[in-house]
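J.: For reference, the structure I am asking about is given below.
Residue numbers (our numbering): 177 to 789.
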């Protein structure tokens, strides 16, 4: 037995957890991010100090941001390694709730350790304690329950061992993973207990590759063999399970064209003969044309979000059927599909074996190639518009693409940029595209990019962020500088919420509340985001033309320190049309003519929706 505080026991346990897949081991917890206050400074703070390099501590600047950094790291490590995050009670804890929701929605593991009020209630109400007249056992940490895949409150030291083991089981399960929250009352953190020594032994959590059930596989193979126009839609699960090689082999053997979700972008190199690019509301005309006529759709590692299905308007064949290969049953059974509940790689290999000798008709394969080539010409035009006096956003993307290497990573999350990147970025490496679009959280970009770079320092990481998202959360620039982590940050200044502005205009709301202007005037606000970035410790370069941007970006890439390239763009230039639709309801009655016209268009769009039952 070993006498330790609850916090010390927690840290020692986390330092000895490993994952293993395909014989490769790595630490489950690479370290711990934490912002200390009275709730955790004498508990987990003291334990991390004492542990030293056994569980390295990193100081972030914002509690939400540190969860984003952990998510970026975990996603880059294919969900096999992550970070723990600790906060004090009160606002420090609730700041993490948005990060928890992001992790759970994206099915990415992270361990959250918010401090809690006294378990003994000896001094209640303590500073920052929530008092509810109808209950004494509720704290602000209960906000984590609906956004966590596992939640527990450690009210006694005796509870710690079972809770840590249960939490780790969930966090390492690819079918169930997400945010795992262990709320820790501040008095319990500091309480000593005689823990069994075996709790701290090295423990390896094996991430296995379950194969699909034979009867489901036979049904799926039979269905695909009857297809005349099949389409495969690859999601994030393909990349997380390192199944891109198996996907490529299946595509080359059968000729089935492959479209990609946001999380699945990079499943095939953009120039592969079977690659037809992004699908859905932010997709390519190639993928969306094939989707409209597909009679069998094979989803691999996708949760079928509304952007992927264009709000259930993408698949218009009257008899369309789905085959869903997913390690999570909740996704495998969607759209009344044939469920292949399995690891993506194991499932793709099984499908390839069952489909041996079968391929799509030559005319269909040729059509997919022709449509993809047409879209590539569209991308080239968007990258080289020659728009002036300010460049279009698509031109900025084109320059970043031009200067990037195949293994580089582009990071983004919210605004108009993710949609443009989904259509226009030419991914050449399975880990080269990192856009958080499950929660589409403004402020993820810089913090997430920090996690990406920490996960793989060998790669050049370019964060692309608009001014709106930058203003939400930019302070992790200081953390990058502190940690000696080099990021290249492209800060696109277009003076407002341009994505929602364009959406608002299309819905008849005339860009209301989306432009950064003085009240009652059209004059721009005198906000200098470049100066702000410099104040956080970054090297800053400014550009106002495409050529200036090209030179500045080349300088930033060559730098050894975090560098921000600030560039003004013209927000009036849209990216090429996806010929797709997204369901955002429009007011059914209005005094505004613009809204009435938009409602008519909305009703027209709804007529194409399918129940997919």
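For each residue, glycine too, the CB sits at the ideal point set by N, CA and C.
1) For residue 436, name the three-state secondary structure that DSSP assigns.
2) In the DSSP assignment, what are the bridge partners of residue 263?
3) What number of angstroms, rounded off, separates the C-alpha of residue 721 from the C-alpha of residue 562?
4) Would you report the Cα separation of residue 792 and residue 650, rounded to the nearest angstrom?
5) So what's residue 601 in DSSP terms, helix, strand or just coil?
6) Since I believe residue 584 is in contact with residue 608 (beta carbons under 8 Å), could you give me their beta-carbon distance rounded to a whole number of angstroms?
7) For the pair the region 250–267 and the region 661–671, tell me if three or more CB-CB distances fall below 8 Å.
8) Ends of the beta strand (DSSP E) at residue 360?
9) Can residue 590 and residue 634 be called in contact, C-beta distance under 8 Å?
10) By DSSP, does residue 630 sit in helix, in strand, or in coil?
11) Starting from residue 505, trace the alpha helix (DSSP H) in both directions and tell me its first and last residue.
12) Let me know the beta strand (DSSP E) ranges lying completely inside the region 502–561, each 3 residues or longer, listed in chain order.
13) For residue 498, which three-state DSSP category applies?
14) Using 8 Å as the threshold, is the region 381–389 in touch with the region 448–456, meaning 3 or more CB pairs across them?
15) Determine, using beta carbons only, whether residue 231 and residue 191 come nearer to each other than 8 Å.
16) Do you know offhand how far residue 770's Cα is from residue 760's?
17) For a test of the three-state rule: what should DSSP assign to residue 246, helix, strand or coil?
18) Do you know how far the Cα of residue 377 is from the Cα of residue 597?
19) Could you tell me the boundaries of the alpha helix (DSSP H) in which residue 679 lies?
20) Taking 8 Å as the cut-off, does the region 465–482 touch the region 400–413 (at least 3 CB pairs, one atom from each stretch)?
21) When the distance is taken between beta carbons, is residue 317 closer than 8 Å to residue 359?
22) DSSP beta-bridge partners for residue 640?
23) Helix, strand or coil: which one does DSSP assign to residue 330?
24) Alpha carbon to alpha carbon, how far is residue 223 from residue 296?
25) With H, G and I counted as helix, E and B as strand and the rest as coil, what does DSSP make of residue 186?
26) Sort out for me which residues DSSP pairs residue 382 with in a bridge.
27) Straight-line CA distance for residue 250 to residue 772?
28) Taking all protein chains shown into account, decide if residue 736 is buried (16 or more other Cβ within 10 angstroms of its Cβ) or exposed.
29) What are the boundary residues of the alpha helix (DSSP H) that includes residue 718?
30) Could you tell me the boundaries of the beta strand (DSSP E) in which residue 410 lies?
31) Between the alpha carbons of residue 282 and residue 700, how many angstroms are there, rounded?
32) Mark residue 556 as exposed unless 16 or more other C-beta atoms lie within 10 angstroms of its C-beta, in which case mark it buried.
33) To the nearest angstrom, report how far apart residue 548 and residue 532 are at their CA atoms.
34) Between residue 205 and residue 323, what straight-line distance do the alpha-carbon atoms span, to the nearest angstrom?
35) Consider the C-beta atom of residue 229 and the heavy atoms of the ligand MN; say whether any pair is separated by less than 7 Å.
36) Quick one: give me the first and last residue of the beta strand (DSSP E) that residue 370 is part of.
T.: Answer, in terms of the structure:
1) strand
2) 290
3) Put simply, the backbone Cα of residue 721 is about 10 Å away from that of residue 562.
4) Lying before the first or after the last residue shown, residue 792 is absent from the chain, which here runs from 177 to 789.
5) coil
6) 6 Å
7) no
8) It spans 355–361 - the beta strand (DSSP E) in which residue 360 sits, taken as one unbroken run.
9) Taking 8 Å as the Cβ cut-off, residue 590 and residue 634 do not qualify as a contacting pair.
10) Residue state for residue 630 is assigned as helix, using DSSP reduced to three classes.
11) Element bounds for residue 505: 505–508.
12) Entirely contained in the region 502–561, the beta strand (DSSP E) runs reaching 3 residues are, in chain order, 514–517.
13) strand
14) no
15) For the pair residue 231 and residue 191, the CB atoms are nearer than the 8 Å cut-off.
16) 15 Å
17) helix
18) Note on geometry: alpha-carbon atoms of residue 597 and residue 377 lie some 45 Å from one another.
19) 674–682
20) Note that the region 400–413 touches the region 465–482; at least 3 beta-carbon pairs, one per stretch, sit closer than 8 Å.
21) yes
22) 666
23) coil
24) 21 Å
25) helix
26) Beta-bridge pairing links residue 382 to 196.
27) 46 Å
28) exposed
29) Run containing residue 718: none in the alpha helix (DSSP H); it sits in the beta strand (DSSP E), 715–719.
30) 406–410
31) 36 Å
32) exposed
33) 26 Å
34) 21 Å
35) Here there are no bound small molecules, and the ligand MN is not part of this structure.
36) 368–371
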